[in-house]
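Visitor: Dropping a structure here in structure tokens format, bear with me for questions.
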Amino acid sequence: MTVYGGSRSYDAADPRFGSYIEPALDKFTPATIVELLEQIEDSPQTYGRGRAAFDHPQIRDAAEALGVDTTVYKSFTKSL
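Counting in our numbering, the final residue of the sequence shown is number 82, and the numbers go up one at a time with none missing.
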């Protein structure tokens, strides 16, 4: 997660999502998904990128399945 949340450019965030986040979403716990959401919230390189509209709904769905409310993460929510 830190790899994705620590992306310093949109170009870095795109492949990092595909390599590190997407394949592991089914292994996330409520605590790790919250950690991911917090990192996304603090990183415009993740929530501001064009692919966020395609990728972040997967995170939202995984979070909802774990009972985690994503609406408190305003930047994340805007990226959907």
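For each residue, glycine too, the CB sits at the ideal point set by N, CA and C. All values reported here derive from a predicted model rather than from experimental measurement.
Quick one: give me the first and last residue of the alpha helix (DSSP H) that residue 7 is part of.
Guide: Start and end: 4-7.
Visitor: Pick helix, strand or coil for residue 73, following the three-state DSSP scheme.
Guide: Three-state DSSP puts residue 73 in coil, outside helix and strand.
Visitor: In this structure, does DSSP put residue 39 in helix, strand or coil?
Guide: Reduced to three states, the DSSP call for residue 39 is helix.
Visitor: How is residue 50 classed by DSSP in three states: helix, strand or coil?
Guide: DSSP places residue 50 in coil when its eight states are reduced to three.
Visitor: Here's the rule: buried if 16 or more other CB atoms are within 10 angstroms of the residue's CB, otherwise exposed. What is residue 20?
Guide: Exposed, because fewer than 16 other Cβ atoms sit within 10 Å of the Cβ of residue 20.
Visitor: Quick one, which of 41, 22, 67, 64 has its alpha-carbon nearest residue 76's?
Guide: Ranking the options by Cα distance to residue 76, first place goes to 41.
Visitor: Using the rule of at least 16 other Cβ atoms within 10 Å of the residue's Cβ for burial, across every protein chain shown, is residue 74 buried or exposed?
Guide: It is exposed - the Cβ of residue 74 has fewer than 16 other Cβ atoms within 10 Å.
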